[in-house]
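First to last, the sequence lines map onto chains Z and L. Heads up: the first sequence runs through residues -7 to 490, numbered per our numbering. Heads up: the second sequence runs through residues 203 to 688, numbered per our numbering. Please read the structure below before turning to the comments.
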Amino acid sequence: MSDNPLDRYEPVIGLEVHTHLKTESKLFSPAPVRYGDAPNHDVHPIDLGMPGVLPVLNEKVIGLAIRLGLATHSTVNTRSVFARKNYFYPDLPKGYQISQYEEPVVSDGWIEIEVPVKGSGKKRGAETVTKRIGVTRAHLEEDAGKSIHDVALSASEGTHIDLNRAGVPLLEIVSEPDLRSSVEASAYLRALRSILRYIEVSDADMEKGQFRCDANVSLRLRGSSEFGTRTEIKNLNSFANVEGAIEAEIVRQSEILDDGGEIQQATMGFDVNRQRTRILRLKENADDYRYFDDPDLIPLLIDEELIEVVRADLPELPEQKRERFEQEYGLPGETTAILVTSRRLADFFENCARACNAPKAAANWIARDLRQELNERNLAVDETRLEPDALASLIRLVEEGRLTTKSARELLPELVEAGGDPQAMMEERGLEAVSDTGMIDEWVTTVIGGNAAAVESVRGGDDKPLNFLMGQVMKAAGGKANPGEVRKRLVEMIRGDG
Amino acid sequence: MKLESLEGQRAALDASEVSSVELVESALVRAEGAGADLGAIVGLRAEAALAAAAGSDARRRAGELRSPLEGAPVVLKDNMVQKGEPTTCASRILESFVSPYDGAMAERLEAAGAIILGRANMDEFAMGSTTENSTFGPARNPWDTSRTTGGSSGGSAVAVSAGITGFSLGSDTGGSIRQPASFCGVVGMKPTYGRVSRWGLVAFASSLDQIGPFTHSAREAAWVLEAIAGHDPRDSTSLPEPAPALESALTGDVKGLRIGLPREYFVDQGAEPGVVEAVRGAVSELESAGAKVVEVALPHTPYVVSTYYLVATAEASSNLARFDGVRYGRRAENVKDLDEMYRRSRSEGFGREVKRRILLGTYVLSAGYFDAYYRKAQQVRTLVRGDFDRAFEACDVIVGPTYPEVAFPIGARMDDPVSLYLGDIYTVSANLAGLPGISVPCGQHQGMPVGMQILGRPLDEATLLRVADAFQRRTDHHEHRPPGSP
């Protein structure tokens, strides 16, 4: 038997994502939605489940739900119903959560993800194919509060309850079990998060708990068309944890199956330190949530006209943008995938490309060099001092041969941190590439004299040593020679066709 | 001048024969005397009420009357919150609760110039029809203190019947205003579902609960309803219609009005002969005033009580989940874990009837039983609405007894909840169908008041009140007072 369980079993994965909606106030109360306030500061009697209070739907969420529905090619249901999910927990003030059950606001859609071609591994830049993942449904619900068990965090022993989060509006987005690996699962999450941010439905910040994921995982023998028994891993709060938990669960289930055992339906937790999943509770003693339509609320009716108004207002989505970038600018898929990860990055690219009139160069600068600078600083593109026009002028200087790529790369961190005009910086620091043929010829002559073997090869028609010779000239020039001119003179002087 | 009625108080205030402060002072005395003896009043806010009355008197001197309720004392059933005041729902679990916010009724009454005197006794969380299920002890019927007041709004009914206040508010989930009004010989009205805001009403069964007034006359009920009705954006089930103009509808004219008598109310599910006789007498009175009587059918009547108890208990089981000892209210002490805290706080905090209904409701919502009970009940509810839609094609109002019998002795039904539930046969349909209903005193049986119930089309409170008022113009049942009245 092979050591890799994936040779024998095919994982079947579906994800449930809870994403906080971008609203000023809560789903059913006028209390503000804020992060980081003092505990129980952002609450209204409604959020506290005081006797006699009633929920009133925050109408802002209707437009957001429609947007999500349209962006995921789903049906926006013209009638949906709020239901009570009944269970006791101290951070659930009413003893029930208002959610949607039999009639959700959004159903039957899909999104596309990019997954590596089989065998090409997980490496960045690997060849990818597009895969369509079904979205079963998305429904509106209110978040619960937080129970704080940590003695260090709370003033005294015991459990403390913070209800700031209670009543924050959520969309729970449920995928079909169409995902077949941990990599596909995280690709789905990234794609979904990107969509949510594009359409400004959610900031989907995982660190703030605005984007949380439960994963349903089962295995089946390769070639089988039936689903195995699934388990649900709760509360995965980072991409790494989603991948780690799914991989750990695949190993756990495959070991049970290899031993001839049966998978028990269960709710699982993920132990990040040990990178293992463990059973929290078996589904046999499944909670009975006693769902029923909330009599305090009326059905949510959405008219077709409103859906069309929202549709007309919908921004270009990542997949559409990507297609357009590929066609309009002739960019490769790997690059466009990076450029469209956020609307801000894509906009930055387009502004920059327009300003420098060199879209391919702009794409490469942004997808490689700038992205690296941003990642190192953990910044979004609009959180730096670098303006698209400034990057465009940097690129133009390189394209014109006035600045070497090397010098340009050296200027970039400063532009990101402090901003500035690249041309002025170049001139101030004397970085402008030397295009004076006299100077260049002098350096070229010296290098040709000292590297007979390489020169001989080039003369014989081999272009490879040219790069080496170029490097030598640039070194002699202190990195400031116009590389186009250097190359031209090298060839002319060695092959004598000049 | 009859200062025990709202109309009498209004006339006396208008004639400067009495001030609001004087009315409040005498109401406080009466509340502490008869009110306490009858178990009607569970909390008074004397200082605040006197201050409010002084304010009302000042407005009156300045000629700035807010409504016909200006300066008149009122008590609220103890399930309507007022900021800074206790609300207990007659339950141990809320014995220490003080509301941090104003309910819609406190606001509306204040805006109308009425003076909130205090809180009236009730069955715990409005569950019951005797006002015996109260942590404060039972309320007593002013007509015979060995008998029940009916319920669950028994304290509010007594407040008016015994002349403590000229009007009061109750809540009606399955008859909890109309039945105690019938037992205590006063007018009690349940408006159309959604007419009066439920903001600040502690929920028993959200799809059935509706607030309404107790008064002596239909005219007074019209004044109160005008003040408390109307859209409230804080209640999603509140109807968009503004408060109706009701007093102008009280023409005294019922010529050509079609009164439907459901055969099921008079034959198959018959009431006590003495009750039926009083109601038939009242119908004859209306006929002699020009109304026409038609027989109508409400074929799903045999199912309304069970349907009601499935819907009401299901909603209650969820509505009462918030009383968990975590944020407010009673919390059991010396518990070893969360589970025990929940179990003991709720076991110690809730009374028998409330526990019974929470258990029933939890059961009917459970997986495996939901379709057979809750879903089925919702389907029957639709059929009951259909019964009334058809009946109202043939008639303008439906008339019958409010309750099958007159007030019975305290303690008589404590161990037989099913027989009590069955008594709700005439009242629960209005809640299931969302219709307005009113109980009007129409005679006596065994020395106890009998109530006639008038049901109307949705939002047609005007016709109900017109019929009730026309009846009261021709009769004096509403002017009879129990022994010991002021």
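Every residue, glycine too, gets a C-beta built ideally from N, C-alpha and C.
| Item | Value |
| --- | --- |
| Candidates G476/Z, P24/Z, R282/Z, of which the one nearest S568/L by Cα | R282/Z |
| Under 8 Å between C-beta atoms of P302/L and M42/Z | yes |
| Extent of the continuous beta strand (DSSP E) run through D339/Z | Premise fails: D339/Z lies in the alpha helix (DSSP H), 335 to 348, not in any beta strand (DSSP E). |
| Proximity below 8 Å, CB of L440/Z to CB of M485/Z | Reading off the sequence, residue 440/Z comes out as Ile, not Leu. Closer than 8 Å, so yes. |
| Burial state of T515/L (16 or more Cβ within 10 Å) | buried |
| Delimiting residues of the beta strand (DSSP E) encompassing R273/Z | 268 to 274 |
| Start and end residues, beta strand (DSSP E) containing N208/Z | 203 to 213 |
| Residue-chain proximity (G113/Z, chain L), Cβ-Cβ < 8 Å | For G113/Z, the pLDDT reaches just 49, beneath the cut-off of 50, and the residue's location in the model is therefore unreliable, although a value from the coordinates is still provided. Closer than 8 Å: no. |
| Cβ pair G492/L, V456/L closer than 8 Å | yes |
| Contacts that R400/L makes with chain Z (C-beta to C-beta distance below 9 Å) | G44, L46, D288 |
| G41/Z at chain L interface by Cβ criterion, 8 Å | yes |
| Straight-line gap, S549/L to A292/L (C-alpha atoms, nearest Å) | 15 Å |
| N265/Z versus N233/Z - alpha carbon distance | 10 Å |
| Between the CA atoms of I295/L and R558/L - distance to the nearest angstrom | 16 Å |
| Distance CB(G241/L)-CB(A361/L) smaller than 8 Å | no |
| Touch test, the segment 355 to 372 of chain Z against the segment 434 to 449 of chain Z, Cβ-Cβ under 8 Å, three pairs minimum | no |
| Integer-rounded CB distance, given that V408/Z should sit under 8 Å from T397/Z | Contact flag wrong, Cβ pair sits at about 17 Å. |
| Rounded C-alpha distance that separates L311/L from L271/L | 8 Å |
| Closest by C-alpha distance to P685/L, when choosing among P344/L, L410/L, G368/L, Q211/L | P344/L |
| Cutoff 8 Å: D437/L Cβ touching any chain Z Cβ | yes |
| Inter-residue Cα distance where the pair is P169/Z and E311/Z | 22 Å |
| Cβ of L60/Z within 8 Å of any chain L Cβ | no |
| Interface flag, A516/L vs chain Z, CB-CB below 8 Å | yes |
| Those residues which DSSP pairs with E164/Z across a bridge | H10/Z, H131/Z |
| Local conformation of F262/Z per DSSP, three classes | strand |
| Buried/exposed call for N156/Z, threshold 16 Cβ in 10 Å | buried |
| DSSP bridge partner residues for N78/Z (one or two, in chain order) | Y88/Z |
| Backbone CA spacing between A217/L and Q211/L [nearest angstrom] | 10 Å |
| Touching by the beta-carbon criterion (3+ pairs, under 8 Å), the segment 494 to 513 of chain L and the segment 584 to 594 of chain L | yes |
| CB contact check: G87/Z to chain L, cutoff 8 Å | yes |
| Rounded C-alpha distance that separates P85/Z from S228/L | 42 Å |
| Spatial distance of A248/L from F338/L (CA atoms) | 19 Å |
| Closer than 8 Å to chain L by CB, N78/Z | yes |
| Beta-bridge pairing of D154/Z - partner residues as DSSP gives them | K138/Z |
| With 16 other Cβ atoms within 10 Å as the buried cut-off, status of T122/Z | exposed |
| Closer than 8 Å to chain Z by CB, Y628/L | no |
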